[in-house]
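All remarks here apply to the structure that follows.
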Amino acid sequence: MQLEIRGLEKLSFRERQAVILKESGRSLENIAKQLHVSQSSVATLLTRARSKGYEIVCIIPGGELGLGGEELDEESSTES
Numbered sequence: 001m002q003l004e005i006r007g008l009e010k011l012s013f014r015e016r017q018a019v020i021l022k023e024s025g026r027s028l029e030n031i032a033k034q035l036h037v038s039q040s041s042v043a044t045l046l047t048r049a050r051s052k053g054y055e056i057v058c059i060i061p062g063g064e065l066g067l068g069g070e071e072l073d074e075e076s077s078t079e080s
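Heads up: the sequence shown is residues 1 to 80, going by full-length UniProt numbering.
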C-alpha cells in the first residue's frame with residue numbers, strides 16, 4: 001500500500017513534517033519527541049494543516065485485494 005499526500009505545497013515545512021509522521025501512524029507523543037516540541041504544538045500544526053486542505057490518497061495494488069490483473073482481464077473480456 002502506498003500513501004500519496006496531495007496539497008503538501010500548501011503546508012509549511014513543520015506542518016509537512018507533522019502530517020507525514022501522523023499519516024505514517026505515529027502518535028502525537030512520538031511526533032512531539034521527534035520534532036522537539038510539545039504535543040499541543042503538534043496538535044496545532046495538524047489542525048492548521050487540515051484547515052489548508054491537504055488530502056491523503058491510498059494507492060492499493062489490485063493484488064493486495066485479491067484483484068490480480070489476470071482475473072480482471074478475464075472478467076472484462078467476458079463482459080464485452
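Idealized CB from N, CA, C, for every residue including glycine.
As a quick exercise: from I59, K52, I60, pick the residue whose alpha carbon is nearest that of L11.
Of the listed residues, the one whose Cα sits closest to L11 is K52.
Buried versus exposed, by CB contacts within 10 Å (16 or more), E42:
A small fix is needed here, since residue 42 is Val in this sequence, not Glu. V42 sits buried, since 16 or more C-beta atoms from the chains shown fall within 10 Å of its C-beta.
Can you name the residues that DSSP bridges to E39?
Note on residue identity: the sequence assigns Gln, not Glu, to residue 39. Answer is none; Q39 lacks a bridge partner.
Spatially closest choice to L3 from A18, E15, E23, Q17, by CA coordinates:
Distances from the alpha-carbon of L3 to those of A18, E15, E23, Q17 put E23 closest.
DSSP three-state assignment for R26, whether helix, strand or coil
R26: coil per DSSP, three-state reduction.
Just checking my contact of E15 with A49 at CB under 8 Å: how many whole Å lie between their CB atoms?
Their Cβ separation, rounded to whole angstroms, is 4 Å, which keeps E15 and A49 in contact under 8 Å.
Pick helix, strand or coil for F13, following the three-state DSSP scheme.
DSSP, reduced to helix, strand and coil, places F13 within a helical segment of the structure shown.
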